[in-house]
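One structure below.
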Amino acid sequence: MNSTPALKITTETEPTQPRTGAQALVDSLLAHGADTGFGVPGESYLQVLDALLDVQNRFHLVTCRQEGGAAYMAEAWGKLTGRPGICFVTRGPGATNAAIGVHTALQDSTPMILFVGQIARDATDREAFQEVDYRQMFQPLAKWVAQIDDARRIPEYISHAFHMATSGRPGPVVLALPEDMLDDPCPQPPTAHWRRIAATPSTQAMTELRGRLETAQRPLIIAGGGGWDAPACADLARFAQTWQLPVACAFRHQDLFDNAHPLYAGDVGLGIRPSLAARVRDADLLLAIGPRLGEATTSGYTLLDIPRPKQTLVHVQPGPDELGRVYAADLPILAGMAEFCAAAAALPAAPNLPWADQARAAHAEWITWNTPPTGADPNALPAMDELMGLLRKRLPANAIITNGAGNFSIWVHRYLRWNQFGTQLGPTNGSMGYGVPAAIAAAVQYPERCVLAFSGDGCFLMNGQEMATAVRERARIRVIVVDNGMYGTIRMHQEKRFPGRVSGSALGQPDFAMLARAYGAWGARVEQGHALAGLLDEMLAVDGPALLHLVVDPEIITPTTTIEGMRRAQSAQSA
Ligand SMILES: Cc1ncc(C[n+]2csc(CCOP(=O)(O)OP(=O)(O)O)c2C)c(N)n1
Ligand SMILES: [Mg+2]
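Heads up, the sequence shown is in the working numbering, so the first residue is -4 and it goes up one at a time.
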């Protein structure tokens, strides 16, 4: 008999505690590929912060100074990567501060997930400390809002959140996390990594599009909206090239098409080039690939008639909601940007393309429009025109340019150039304070790239506190604060409607360079044109966060208008 003792097989493993809700939440985030998040802590979600400590080499949590900044960073990160930007905030006050980023993500069609710490479930409806019903609060601001009341369902909710944020028309999701739920056990494992869900255009739709292109005389593409990536942009370029189609980009989407391409026609945004507005109006076939065709892209709903445009409208949207909403398109196409552009790039061109000369003319008009004037007085205050001219020579093609809202951004949009996807971060909802946080998100994601934020003096102080975050993160952001001592945009509108009556739009002029230095960043102030080039070069060479405070002439309210000029025009009109 073999006396060898039977091999003892044991099923015993290390005794393990079931994962807590907070740990399961973090497991799920990692399973879905999240590696970066932005937030401001709160006692309502301490367990999540604790669970993040255990995975700090796999998940980088950027601690911010205000939830508005954190939410903007998450939004910008989502815009840049196409993956949901992750943001953590506390209940009540944290959530209300973060709302600006959620609104931006909604209007900009950006994938984002905002986690909000919530009061314990057994205190619900008592108006407990900082209690808010987030389903009600965020209902009109987010694509989807939910509260996870059962820890065992965390993997399900997180999977749903990633898919909701990225599928169809991307957008923000808000998930509330009752603090006691985060302690409950969650034995369920995470689901598999999210998959992008996008519609493919039907063969029938593409055949109809080809037929319409074949008979067109003055076609024009307007590219915009969310859900783009670099391959989609490459296919758009192939499609345009094959068909020699002029391509315009929607407001703050100037990076969807190489601006140096001879088919680039300019941007259809606020303050559109008049000759481009005329081309949009006179087009017989408008192919809107992605943009919602909102106010900013239609010059306040004036370029296209509602509900039935004169132009034949082919409207491509990643989600169904915008199709037939404002404009009755002749050919509505539900498709992801990548899916549509791949199908369009495969469409063989018609033998006759009568519009090729128009496309060349549109590009020539744009080049003239895009060239900043030179010859500013070097002894006067530094000029934005001059700054744009300098930046065009200095910025690398892959520089990421961010901005908030204000008249300073008119120069940026008009005189800079974008050559590749993922180099422009601007809020199409016109939200101030976006430039600095967006730049931090970009620099965290791409530490090796040049990231430049433009802020007005008003815009900067809405989230300037995040300079402290930039310093702590060693984010190599460059910030240009364009200081005209006022909320210039509002002043401009005041001069139009109530000439000479300045109310609520004047500001003081803090020393922004000193403020930057107080945070530990590099800071310099430019007050004369001749100092601009040197200090700009110094700033661009700084290995860390840097800020250039540009004191500009408040009279020069746009690239082509002065306040005095506006007043003269007003009095001539009323005479
Ligand atoms: C969060 C937010 N608040 C208010 C506004 C309204 N608004 C639009 S532009 C603007 C003024 C911007 O001032 P500044 O940043 O100094 O730029 P400027 O127009 O002077 O160049 C204001 C108040 C807004 N768009 N967003
Ligand atoms: Mg200003």
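Glycine residues also receive a C-beta, built at the ideal position from the N, C-alpha and C atoms.
Could you tell me whether the Cβ atoms of residue i and residue j are closer together than 8 Å?
i, j, result
"V97", "V35", "no"
"C181", "A156", "no"
"G453", "L502", "yes"
"L342", "R205", "yes"
"G285", "V311", "yes"
"T237", "R191", "no"
"S270", "P150", "no"
"G64", "N458", "yes"
"T418", "I395", "yes"
"L288", "L299", "yes"
"L240", "I216", "yes"
"M107", "A100", "yes"
"R130", "Q113", "no"
"A243", "L265", "no"
"G572", "G451", "In the structure displayed, the chain extends from -4 to 570; residue 572 sits before or after that span and is not available."
"H399", "P367", "Reading off the sequence, residue 399 comes out as Gly, not His. Not in contact: G399 and P367 (Cβ atoms no closer than 8 Å)."
"L376", "V497", "no"
"A260", "A357", "yes"
Using the DSSP secondary-structure output, state which residues sit across from residue i in a beta bridge.
i, result
"P327", "H310"
"Q142", "A171"
"F33", "V57, C82"
"W517", "A541"
"A245", "V263"
"A501", "M481"
"L281", "L215, L308"
"T15", "P180"
Apply the 10 Å Cβ neighbour rule to residue i and answer buried if 16 or more other Cβ atoms are within range, or exposed otherwise.
i, result
"G221", "buried"
"A354", "buried"
"R599", "Residue 599 falls outside the range modelled here, since the chain spans only -4 to 570, and no answer is possible."
"S607", "This structure does not reach residue 607, given that the chain is present from -4 up to 570, and the question cannot be answered."
"L447", "buried"
"T464", "buried"
"D532", "exposed"
"D478", "buried"
"T297", "exposed"
"F493", "exposed"
"T202", "exposed"
"E7", "Below a pLDDT of 50, predicted positions are generally treated as unreliable, and E7, at 44, falls in that range; the measurement from the model is reported next regardless. It counts as exposed."
"I558", "buried"
"S569", "exposed"
"S(-2)", "Because S(-2) sits at a pLDDT of 43, beneath the cut-off of 50, its placement in the model cannot be relied upon, and the following sentence gives the value as read from the coordinates. Per the 10 Å Cβ criterion, exposed."
"M509", "exposed"
"R473", "buried"
"P173", "buried"
"I301", "exposed"
"R53", "exposed"
Chain B beta carbons: is any one of them nearer than 8 Å to that of residue i?
i, result
"I95", "This model lacks chain B altogether; it includes just one protein chain."
What is the rounded straight-line gap between the Cα of residue i and the Cα of residue j?
i, j, result
"A278", "P327", "17 Å"
"F133", "G80", "17 Å"
"E209", "L258", "18 Å"
"L41", "G314", "37 Å"
"F110", "A437", "21 Å"
"L411", "R303", "34 Å"
"R563", "L527", "31 Å"
"P10", "Y67", "Caution is warranted here: a pLDDT of 49 is assigned to P10, below 50, making its placement in the model unreliable, and no coordinate value can be reported."
"F416", "P13", "44 Å"
"A200", "A338", "10 Å"
"Q565", "K491", "7 Å"
"H488", "H188", "48 Å"
"E550", "E360", "27 Å"
"D380", "M462", "26 Å"
"M481", "Q504", "9 Å"
"S39", "A519", "40 Å"
"F234", "F33", "38 Å"
"T555", "S404", "14 Å"
"L530", "L390", "15 Å"
"A344", "K138", "38 Å"
"Y429", "D253", "24 Å"
Point to revise | beta strand (DSSP E) runs contained entirely in the stretch 160 to 227, provided each spans 3 or more residues | key: 167 to 173, 214 to 218
**Study point:** Whole alpha helix (DSSP H) elements within the stretch 79 to 124, 4-residue minimum
**Key:** 88 to 102
Exercise for review: Could you name each continuous alpha helix (DSSP H) segment of 4 residues or more that falls completely within the stretch 392 to 476, going from the start of the chain to the end?
Suggested key: 403 to 410, 430 to 440, 452 to 458, 462 to 468
**Study point:** Start-end ranges of the beta strand (DSSP E) lying completely within the stretch 521 to 567, minimum 3 residues
**Key:** 541 to 546, 551 to 553
Point to revise | 3 or more residues per run - each beta strand (DSSP E) lying fully within the stretch 348 to 389 | key: none
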